[in-house]
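Protein chains in written order, with full-length UniProt numbering: chain E, 1 to 406; chain V, 1 to 406.
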């Protein structure tokens, strides 16, 4: 599939076409509108649709992906087919060209309003590492429920920010076991969690669980996500009601939402289940919804880990089925994340907590030793997945720099 | 202060004036608009403002309280002053009369779009009861952090529903210690939690904690809240990341938001602090923000408990300061709840878990014995607070009936 200005093999070629929201400083006082990434360019999808008299012009001429997300799978497929035509059929070239802008010339924004944000804990390797670090004397690092349900909790949707947003080091209470009382100050154990986020498009009413088989009808696509974590705040606060201020200061997401339709070649079976599953979670007779995403975690440009998403024990379809099995409704813009992605190998761990074994084994980076993040550090998550005909499908990066505590 | 059609001593007299959103089935195809409660009537506040050429006509002619919430304290006071004049000064009587509708003739709606929902755990009596029930052998029922910070967690804002909404019994996994594996089915330990919710009006930017002294600048008012809880789901899922499906199926709020300005006579000092507080939580030199709210919990019309909100260890001002101390931003429509309100006496406990001591001592109701809720049971929370000159300020009720699992 030839497409103008995209080199052969580019992970953002016309086989990918992720969606975002952008603005150009010079134009229309920087109004936001839907963009589709093509190589190192952004297609103003609404302007292109209007020029081509597409029926999707209105849906794509919005300051958020919300209406597109809500439109449902048939429309998602139709819009994707139209976009593919526009960027690949030579006769459209002249029409489209004025609406392609260099990525470097635009500002990217949070692409949709986050309704509820849920974070899961779906990597067995991660959960085992955390168990071993915090409960070294326990015979079993996993909690008894871990293999029976995808553990999750609600996070703060108001502090989900787009890639490129600086993150201020949070302050709060911490108390080591030897401190007589808690102390207050900037976190001294600031960490990241490399995750994948799933974006709900089509809502569901209260009282109507979404079965495994309906995953694709509700979920539009996915993004990369960095669940910034202040380990010292978290460990003091989290018993008995879970993480709160240790997480709620910021969660970064990629500016690009990759539609599930771009990732069909990347679908894989999840790891073999070691425990029988209750029927609503039993995916043995369903289409598999594991994804072969190869994530890379870099600190100050130096790759420190390559977590394989294919190793996740619980799939996004299982997470959605669990999240709604009690009758909880879904809204357009609901975002749920996988939890830290960690593979079995030491260099596949998705958090500094695990990579440095809670600070015991600092990482040697070109910019110095790191147990946890220092002010000024920049963390970048990138990922790709196998695409059609040997191509790669690139996910949008998540980048964030640590600012000193205010 | 005489006001037409409100009996002397009515807890919803002109000293109260809570806000809600209502519609009338006959009019304008049931359009929603801001209402103010006066006795057993609802004033169409926008229509009254337009008739009186008030500068607040636009703010009050909306289908949600959002714009009013966002307008800030000066406007909140000005609007309240205007409303007080309209409903008390005789010369306005004729103008206002057409815009007063009997409560029984209108539908009440969720009064604002809930942004993030946070639930705290601020009653020492409740926390001690829960500790004693679930950890009977522990020497100290409170977790070590309890007296140092207001423990909280995020809930699901998409399933916050207005009073009067039926609640379907949730299904999910449960496992008693003697079960060899978890089982799936409708919750068999469905409970309530009597709480008070605080509604954020004015947002705050990321990285800017809200100090104790700014509580009134951000929080508009409060409501009653029933945090429905499936104890069996909750106890199996909640380690290590906190409550999830045991809570996320529904949270009911009153249709009326009582402005803080109506509750100045109800302000009291919180209980004496037994542990020193870190400076950001130390309210010893601040105006006290405890509230003397007398809550009543009824099951099928029979009062089972009268929890006193004045006994809460952590105040709403402390909760807001804690919630933002890590730099988390606030949005208009953020809702945070107190956690179960339980007083020291057995008949002041705000949950069936405590009232029946985890089912050991069922309640004898006229409708039969109850350990937990049965299908068809209706739970109603009501409350009042001391008002000016010996009056009572009524809070809007929260009512909800249990529907069988779907």
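Note that the Cβ used here is the ideal one computed from N, Cα and C, for glycine as well. All values reported here derive from a predicted model rather than from experimental measurement.
With 16 other CB atoms within 10 Å as the buried threshold, where does residue i fall?
i: residue 54(V); result: buried
i: residue 140(V); result: exposed
i: residue 123(V); result: buried
i: residue 301(E); result: exposed
i: residue 237(E); result: buried
i: residue 30(E); result: exposed
i: residue 74(V); result: exposed
i: residue 345(E); result: exposed
i: residue 154(E); result: buried
i: residue 285(V); result: exposed
i: residue 354(E); result: buried
i: residue 37(E); result: buried
i: residue 98(V); result: exposed
i: residue 376(V); result: exposed
i: residue 81(E); result: exposed
i: residue 275(V); result: exposed
i: residue 450(E); result: Coverage of chain E is limited to positions 1 through 406, which leaves residue 450(E) absent and any answer about it impossible.
i: residue 184(E); result: exposed
i: residue 396(E); result: buried
i: residue 178(V); result: exposed
i: residue 137(E); result: exposed
i: residue 204(E); result: buried
What did DSSP end up calling residue i once you bin it into helix, strand or coil?
i: residue 332(V); result: coil
i: residue 290(E); result: strand
i: residue 138(E); result: coil
i: residue 121(V); result: coil
i: residue 60(E); result: helix
i: residue 420(E); result: Here chain E comprises residues numbered 1 to 406, so residue 420(E) is not present and cannot be evaluated.
i: residue 411(E); result: In the structure displayed, chain E extends from 1 to 406; residue 411(E) sits before or after that span and is not available.
i: residue 202(V); result: coil
i: residue 326(E); result: coil
i: residue 273(V); result: coil
i: residue 215(E); result: helix
i: residue 367(E); result: coil
i: residue 130(E); result: helix
i: residue 230(V); result: strand
i: residue 74(V); result: helix
i: residue 285(V); result: coil
i: residue 383(E); result: strand
i: residue 391(V); result: coil
i: residue 2(E); result: Because the pLDDT of residue 2(E) is 44, which lies under 50, any placement of that residue in the model is unreliable, and the number read from its coordinates should be weighed accordingly. If DSSP states are grouped into helix, strand and coil, residue 2(E) belongs with coil.
i: residue 405(V); result: coil
Where residue i and residue j are concerned, what is the direct C-alpha to C-alpha distance, given to the nearest angstrom?
i: residue 2(V); j: residue 103(V); result: With a pLDDT of 45 at residue 2(V), under the threshold of 50, the modelled position of this residue cannot be trusted, and the question is left open.
i: residue 400(E); j: residue 111(E); result: 17 Å
i: residue 168(E); j: residue 101(V); result: 51 Å
i: residue 186(V); j: residue 405(V); result: 6 Å
i: residue 147(V); j: residue 47(V); result: 48 Å
i: residue 191(V); j: residue 231(V); result: 7 Å
i: residue 32(E); j: residue 50(E); result: 16 Å
i: residue 71(V); j: residue 202(V); result: 7 Å
i: residue 348(E); j: residue 306(E); result: 5 Å
i: residue 5(V); j: residue 332(E); result: 44 Å
i: residue 385(E); j: residue 157(E); result: 27 Å
i: residue 294(E); j: residue 309(E); result: 6 Å
i: residue 267(E); j: residue 292(E); result: 6 Å
i: residue 222(V); j: residue 334(V); result: 12 Å
i: residue 360(V); j: residue 150(V); result: 29 Å
i: residue 234(E); j: residue 249(E); result: 12 Å
i: residue 419(E); j: residue 85(E); result: Not covered by the structure: residue 419(E). The range shown for chain E is 1 to 406.
i: residue 239(E); j: residue 244(V); result: 14 Å
Please report the Cβ distance between residue i and residue j, rounded to the nearest whole angstrom; I am assuming they are in contact, meaning their Cβ atoms lie under 8 Å.
i: residue 224(V); j: residue 383(V); result: 6 Å
i: residue 408(V); j: residue 142(V); result: Residue 408(V) lies beyond the stretch modelled for chain V, which goes from 1 to 406, so this question has no answer here.
i: residue 313(E); j: residue 323(E); result: Wrong, their Cβ atoms sit about 16 Å apart, outside the cutoff.
i: residue 15(V); j: residue 393(V); result: 7 Å
i: residue 219(E); j: residue 320(E); result: 7 Å
Does the CB of residue i have a neighbour CB from chain C at under 9 Å?
i: residue 245(V); result: Chain labels in this structure do not include chain C; the protein chains are E and V.
TODO: Could you tell me which uninterrupted alpha helix (DSSP H) segments, each at least 4 residues in length, are contained entirely in the stretch 139-166 of chain V, listed from first to last along the chain?
DONE: Along the stretch 139-166 of chain V, the alpha helix (DSSP H) does not occur as any fully enclosed run of 4 or more residues.
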